[in-house]
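The structure appears below as structure tokens.
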Amino acid sequence: MATTTTDIEADIQNHAHDDHHHGPEPGLMRWVKTTNHKDIGYLYLWFAFIMLLIGGAMAMVIRAELFMPGLQFVEPQFFNQMTTMHGLIMVFGAIMPAFVGLANIQIPTMIGAPDMALPRMNNWSFWILPFAGAMLMSTMFMEGGGPAFGWTFYAPLSTTFAPQSTDYFIFAIHMLGFSSIMGAINIIATVMNMRASGMKLMDMPLFVWTWFITAFLLIAAMPVLAGAVTMMLTDRNFGTSFFDAAGGGDPVMFQHIFWFFGHPEVYIMILPAFGIISQIIPTFSRKPLFGYSSMVYATGSIAVLSFVVWAHHMFLTGMPVAGQMYFMYATILISVPTGVKVFNWVSTMWRGSLSFEIPMMWAVAFVILFTIGGLSGLMLGIVPADIQYHDTYFVVAHFHYVLVTGALFSIIAGVYYWLPKWCGRMYNEKLATIHFWWAVLSVNVLFFPMHFLGLAGMPRRIPDYSLQFADFNLIASVGGFVFGLSFLLLAYIIVDCIRNGRVVKEARVWESAKGLEWTLPTPAPYHTFNEEPPRELILKESSHTGH
Amino acid sequence: MSEIQRKQRGAMVTAAVIAAVAIAIFSLTLILSGK
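First to last, the protein sequences are chains H and C.
Going from the first sequence to the numbering used here is simple: count from 1 and add 9.
Going from the second sequence to the numbering used here is simple: count from 1 and add 12.
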């Protein structure tokens, strides 16, 4: 049997044998043993949300310490652990798993596939994560404390001068990377091989396209990160000198390797966001997506460019002027395909029959606020300006606009968009509106003053500061606490929706939504598309061939 | 062979090729860094 029956068929047969309703296994073991793409997607999303709250709590510690000049609550060493763990948890524990969760739930239903291509590996990809996350956080309770060298873990801070717990940190990063690579393999194989035969590549929804390209970025970038931490491990424990100048190594090489991973990582966290927004805006503009093929090519261009700009993070390490010029121009070139995307979203809305349901409000906020993050990125890409801004709060403001009001907002938009389809219930839209304005206003109070702090010269990753930075820090901290509290409301809205929300029965929850997922009953059944959807249906449901 | 089986067999090949690429990139990172 094992050699002749495939994973999906085995799964379907097992369910058919054990449960005549083809439903999930009863009890908690459902979640441990599940190979169902929707179940695994929900696990990813809940895991990401828990990690978001943990990482957010660390951000609250950081903002409490920075509320006033002087040392208030924590020791500087612990402050450094907070900034480090906050970054690592948010990047590897919250944003990336949340996007993988959305991919798991949505991609098979959007391409007419019965499940992910490799469902058992999918289960493994998820269940590695809680153990890796727990190991990462356990380092904070070890002798010498947890990692305190920043999320970029530059050598020699992370090698010669790091606490012993760093070896556990390395193992955790290895496991997180392994999970990501397996997830990416699954997505590529699903899109390439499991897609309904009537769906050509240029028929695929933008969310599928952006994730497909993101998966290739993961395959190219994550092994480089694995290589970097492996070399850290051997430098620390086995007498090698990859990053130790005393042994003939080069600490600056660590930065090159890290950012060769790190810059594509930025796009790993934003390309799926572009996909989500490209699904939502046409729905609530009641128009086809403007410039579908240019969106696909722009995504591909951004992906390629993301591998040739890494050293713009390192202008101050010293490099030839020709190198600076190259990395500056290549970086600024990325604004062209990114601008194409923003132009297309605005053009989709232009003269559309707009309505501002909750997902659309988040999508519009994304377009505006992400663009602010993109513009400050352009400023940072210019060498002489970067020499001034480097390692200041301007950088912190920039990447939080990209990752919070960009990536995180798109995830929230996606959850508000697809949640009624997943659970068959509508959330409390009044509360969701309050949540939107609460979050959007407070997030700007939190991050916008950081631009001014950075321009005035306040360095990042420092627990104390000069008096002239006091006012803006106070404002940012107040914004931070208010923004942090908004996530408790989000948790309430989601749980309340799942348990008590108004029942929704329409297949097309949003009347102008297009896509195969909206042809499924609401809530989406446990097994979907065991039969391929016909090409006529695929073309009819294509979001870019006409409403 | 059913349609799903046929697709999944293709998916296994795709997955193997992609995994090999990932391992190659990991190895190259170590080799080039050690030069």
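Beta carbons are placed, not taken as given, at the ideal position from N, Cα and C, and that holds for glycine.
Here the structure is a predicted model, which is why all the values come from computation and not from measurement.
Is the distance from the Cβ of residue i to the Cβ of residue j below 7 Å?
i        : j        : result
C/ALA23  : H/ALA237 : no
H/PHE252 : H/PHE269 : no
H/TYR276 : H/SER303 : no
H/GLU74  : H/PHE82  : yes
H/ILE285 : H/GLY423 : yes
H/GLY493 : H/GLY65  : yes
H/SER294 : H/GLY383 : no
H/THR340 : H/GLY390 : yes
H/PRO165 : H/PRO260 : yes
H/TRP374 : H/PHE418 : With the sequence shown as reference, residue 374 of chain H is identified as Ala, and Trp is not the correct amino acid for it. Yes, the Cβ-Cβ distance between H/ALA374 and H/PHE418 is below 7 Å.
H/ALA57  : H/PRO106 : yes
H/TYR51  : H/PHE135 : no
H/THR219 : H/LEU280 : yes
H/ILE289 : H/PRO368 : yes
H/LYS174 : H/MET151 : Correcting the residue identity first, residue 174 of chain H is Ser in this sequence and not Lys. Yes, these two residues count as a Cβ contact at 7 Å.
H/PRO530 : H/GLY121 : no
H/PRO429 : H/VAL518 : yes
C/ILE35  : H/ILE194 : no
H/THR292 : H/SER551 : no
H/ASN89  : H/ALA181 : no
What does the alpha-carbon distance come out to for the pair residue i and residue j?
i        : j        : result
H/GLY510 : H/TRP446 : 21 Å
H/LYS523 : H/GLY300 : 16 Å
C/GLN17  : H/LEU127 : 12 Å
H/GLY555 : H/LEU548 : Confidence at H/GLY555 is low in this model, with a pLDDT of 48, below 50, so its placement is unreliable and the value that follows should be read with caution. Approximately 9 Å between the Cα atoms of the pair.
H/MET60  : H/ILE104 : 9 Å
H/ALA19  : H/ARG245 : Its pLDDT being 48, under 50, H/ALA19 is placed unreliably in this model, and the value from its coordinates should be taken loosely. Taking the straight line from one Cα to the other gives about 45 Å.
H/LYS514 : H/PRO123 : 22 Å
H/THR380 : H/MET370 : 16 Å
H/GLY332 : H/MET388 : 18 Å
H/ASN539 : H/ALA533 : 13 Å
H/MET201 : H/THR326 : 42 Å
H/GLY154 : H/THR148 : 6 Å
H/VAL76  : H/MET208 : The question names Val, yet the displayed sequence has Phe at residue 76 of chain H. C-alpha separation (whole angstroms): 54 Å.
H/ARG469 : H/PHE478 : 12 Å
H/VAL233 : C/ILE43  : 11 Å
H/TRP40  : H/MET184 : 20 Å
In this structure, does DSSP put residue i in helix, strand or coil?
i        : result
H/MET77  : coil
H/THR401 : strand
H/PRO574 : Chain H is shown from 10 up to 556; residue 574 of chain H falls before or after that span and cannot be answered.
H/MET151 : coil
H/TYR474 : coil
H/SER250 : coil
H/SER206 : coil
H/ALA237 : helix
H/TYR163 : coil
H/THR537 : coil
H/VAL330 : helix
H/ARG72  : helix
H/THR380 : helix
H/LYS42  : helix
H/ALA157 : coil
H/ILE502 : helix
H/GLU520 : coil
H/TRP55  : helix
H/LEU227 : helix
H/THR118 : helix
H/ALA320 : helix
H/LEU37  : coil
H/ALA171 : coil
H/SER486 : helix
C/LYS48  : This structure cannot speak to residue 48 of chain C, because chain C is shown only from 13 to 47.
Identify the residues that DSSP records as bridge partners of residue i: which are they?
i        : result
H/ARG511 : H/MET435
Task: Contact between the segment 448-463 of chain H and the segment 399-419 of chain H (3+ Cβ pairs under 8 Å) - done: At 8 Å Cβ cutoff, the stretches touch.
Open item on the list: Does the contact criterion of 3 or more C-beta pairs under 8 Å hold for the segment 460-471 of chain H versus the segment 393-407 of chain H?
Closed with: Yes: the two stretches touch, three or more of their Cβ pairs being nearer than 8 Å.
- [ ] Count the C-beta pairs between the segment 179-191 of chain H and the segment 112-121 of chain H that are closer than 8 Å, then say yes if the count reaches three, no if not.
- [x] The answer is no - the segment 112-121 of chain H does not touch the segment 179-191 of chain H, with fewer than three Cβ pairs under 8 Å.
Task: At least 3 beta-carbon pairs within less than 8 Å: the segment 152-166 of chain H vs the segment 226-234 of chain H - done: Too few Cβ pairs lie closer than 8 Å, so no.
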